[in-house]
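Novice:
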Amino acid sequence: MRCMASQEPRARVYEVGEVVSALERVIATHTRAVYIRGEVVNLRSGRDGRIFWFRLEDPRDDHDARLDCLAFSTDIAQGHVLSDGGVVHALARTEFSRRDGRLVVRLRRIEPAGEGEILRMIEERRERLAAEGLFDPALKRPVPFVPRGVGLVTAAAGAARADVLRRIEDRFPVPVVVAHAAMQGPACAGEVSAAIAALDADPRVDVIVVARGGGSLQDLLPFSDEQVVRAIRASGTPVVAGIGHQPDTTLACLAADVVAATPTAAADVVVPDGEALRDDLRALGRRVRAGAVRARDRARGDLRLLGARPGLLHPHRAVVHRRREAVAGLARRMAWASRGAVAAPARDLATLGARRHRALGGVQAGSASRLAVLSARLGAGDPARPLGEGFALVRDARGAVVTSAAAARAAGRLTLEFGDGTVGARVGAKEDA
């Protein structure tokens with residue numbers, strides 16, 4: 001057994017340099033250079049500033065990918081300065097680092113990515129967050145007129161910090177609680193979000209200001225990060241955004257309750273102008289004093305008018321005079337009432353008499369007219385009237401009126417009544433012609 005073991009071939013042992021060289025040859029053979037775009041994160045440089053190490057991360061919200069990169073200062077486009085948070089595109093080639101013993105991506109021809117691409121990414125994020133209602137104007141909270149305390153999120157040594165503190169001190173001094181955070185670079189979004197949450201939990205703070213001076217699109221890119229937007233909307237304390245200058249608009253500005261053009265303008269928003277308030281108070285004081293003087297003068301005039309009245313100068317005479325005037329007034333009213341009590345019935349009687357006379361005259365005239373008509377009608381219907389005109393009324397022996405020849409022959413003896421008397425008659429046989 002020992003002999004067989006001694007005869008087995010031994011595996012070759014490679015030196016580390018040989019393995020590294022082999023890996024370099026494999027990677028160089030099977031990889032090729034490609035153009036790549038990403039966000040610079042965790043930037044470091046050598047002492048002489050000739051070499052840079054950093055990570056490139058995918059700037060899209062829904063992608064979590066990163067590469068370790070290496071670049072030399074000569075690979076960076078003239079005029080461009082690498083910075084954390086900047087988005088660049090470059091020619092990339094995968095290499096094996098002999099010193100670190102790991103794969104790195106060597107970047108050449110590094111240039112800033114087009115602003116149009118960054119703006120497109122921000123716009124896509126804005127549309128997505130707007131669909132969730134994070135920019136809804138109905139969610140905006142009012143800023144207190146005079147806050148008990150102001151929370152300030154800004155860089156520790158930035159000019160924005162000094163501007164805001166000085167402006168608040170000049171306008172209306174109130175306590176300011178400062179929470180320092182990185183205002184650019186990869187740590188910015190996380191630190192700003194944490195500072196907002198910390199100030200929101202502080203009972204001394206009634207309003208929060210996020211202040212940063214102006215900068216490039218890449219510098220302000222963290223303030224369009226989704227984490228910052230959600231931190232602002234999650235805060236129960238109103239948030240005022242004073243980020244950049246007038247043309248700069250980030251997603252944090254859209255989410256904030258109030259947007260100010262500059263950090264100094266943000267300070268103007270959160271505290272009133274003390275001098276203006278003092279001027280208003282002085283003006284109100286002058287108006288109150290002037291109103292009091294006018295009221296006093298008016299009261300004095302009223303008192304003078306009251307004092308000039310006779311009733312107040314001689315109160316006993318005024319009482320007697322008032323009673324006398326009352327009695328005289330009653331007498332005048334009684335006289336007028338008595339005259340009216342007599343005159344009115346007299347006028348009524350005269351009116352009734354005239355109406356009676358007119359009524360009686362009308363009744364008499366109407367009666368005479370009706371009597372004449374009735375007399376004419378009666379005369380027209382008198383049976384004796386035709387007798388005076390030559391007619392005769394024929395009656396039988398019993399006095400009944402005979403109205404036909406047959407009745408006359410049957411009666412035999414008749415009485416003929418004329419207008420001036422009656423005669424007897426006897427009916428004979430009819431003579432032949």
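Read in order, the letters of the sequence shown are residues 1 to 433 in the working numbering. We put the beta carbon where it would ideally sit given N, CA and C, even for glycine.
1) When the Cα of A256 is compared with those of D268, I243 and I76, which residue comes out closest?
2) What are the start and end residues of each continuous beta strand (DSSP E) run of 3 or more residues lying completely inside the stretch 83 to 171, in chain order?
3) Pick out the complete beta strand (DSSP E) segments inside the stretch 352 to 422, 3 residues or longer, and give them in chain order.
4) Hey, could you find the ends of the alpha helix (DSSP H) I232 is sitting in?
5) To the nearest angstrom, how far is it from the Cα of R66 to the Cα of T154?
6) Ordered along the chain, which non-local residues of its own chain (more than five positions away) have a Cβ less than 7 Å from that of I27?
7) Would you say P238 and V210 are within 8 Å of each other, going by their C-beta atoms?
8) According to DSSP, is V174 helix, strand or coil?
9) Give a yes or no on whether the C-beta atoms belonging to V240 and A198 are separated by under 8 Å.
10) Assuming I36 is part of the beta strand (DSSP E), what are its boundary residues?
11) State buried or exposed for P112, treating a residue as buried only when at least 16 other CB atoms are found within 10 Å of its CB.
12) Do the stretch 217 to 228 and the stretch 183 to 195 make contact, defined as three or more Cβ pairs closer than 8 Å?
13) On the premise that G149 lies in contact with V178, defined as a C-beta separation below 8 Å, what is that separation, rounded to the nearest angstrom?
14) Note the first and the last residue of the continuous alpha helix (DSSP H) segment covering I51.
15) Mapping the DSSP letters down to three states, classify G17 as helix, strand or coil.
16) Going by DSSP, what residues sit across from R212 in a beta bridge?
17) Quick check on DSSP: helix, strand or coil for R204?
18) In or out: D170 buried (at least 16 other Cβ within 10 Å) or exposed?
19) Given this structure, state the Cα-to-Cα distance separating V259 from R55, to the nearest angstrom.
Specialist: So, from the data block:
1) Taking the sequence shown and counting its residues from 1, the one referred to as residue 256 is at position 256. It is I243 whose Cα lies nearest to the Cα of A256.
2) As far as the stretch 83 to 171 is concerned, its whole beta strand (DSSP E) runs of at least 3 residues are 87 to 97, 102 to 112 and 150 to 154.
3) With a minimum length of 3 residues, the continuous beta strand (DSSP E) runs that stay inside the stretch 352 to 422 are 393 to 395 and 413 to 418.
4) The residue labelled residue 232 in the question sits at position 232 within the sequence shown. That run of the alpha helix (DSSP H) goes E226 to A234.
5) Here residue 66 corresponds to residue number 66 of the sequence shown, with the count starting at 1. Here residue 154 corresponds to residue number 154 of the sequence shown, with the count starting at 1. If you take the alpha carbons of R66 and T154, they lie about 28 Å apart.
6) Here the question's residue 27 lines up with position 27 in the sequence shown. Apart from the 5 residues on each side of it in sequence, I27 sits with its Cβ closer than 7 Å to the Cβ of T94, E95 and F96 in its chain, given in chain order.
7) On the sequence shown, position 238 is the one that residue 238 refers to. On the sequence shown, position 210 is the one that residue 210 refers to. V210 sits away from P238, with the two beta carbons spaced by 8 Å or more.
8) Position 174 of the sequence shown, counted from the start, is the residue given in the question as residue 174. Coil, per DSSP.
9) For the purposes of this step, residue 240 is taken as the residue at position 240 of the sequence shown. For the purposes of this step, residue 198 is taken as the residue at position 198 of the sequence shown. No.
10) The residue labelled residue 36 in the question sits at position 36 within the sequence shown. It spans V34 to S45 - the beta strand (DSSP E) in which I36 sits, taken as one unbroken run.
11) Indexing the sequence shown from 1 puts residue 112 at position 112. A residue is called buried once 16 or more other Cβ atoms fall within 10 Å of its Cβ, and P112 is buried on that count.
12) Verdict: yes, contact present.
13) The residue labelled residue 178 in the question sits at position 178 within the sequence shown. The residue labelled residue 149 in the question sits at position 149 within the sequence shown. Between G149 and V178 the Cβ distance is about 11 Å, and since that is not below 8 Å, they are no contact.
14) As a working note, residue 51 is residue 51 in the sequence shown. For I51, no alpha helix (DSSP H) segment is defined; the enclosing uninterrupted segment is the beta strand (DSSP E) at I51 to E57.
15) Your numbering for residue 17 matches position 17 in the sequence shown. G17 falls in the helix class under three-state DSSP.
16) Translated into positions along the sequence shown, residue 212 becomes position 212. Paired residue(s): I243.
17) Position 204 of the sequence shown, counted from the first residue, corresponds to residue 204. Three-state result, R204: coil.
18) Residue mapping note: residue 170 aligns to position 170 of the sequence shown, counting from 1. By the neighbour-count criterion, in which a residue is buried when 16 or more other Cβ atoms sit within 10 angstroms of its Cβ, D170 is exposed.
19) Here residue 259 refers to the residue found at position 259 of the sequence shown. Here residue 55 refers to the residue found at position 55 of the sequence shown. V259 and R55 have their alpha carbons spaced roughly 33 Å apart.
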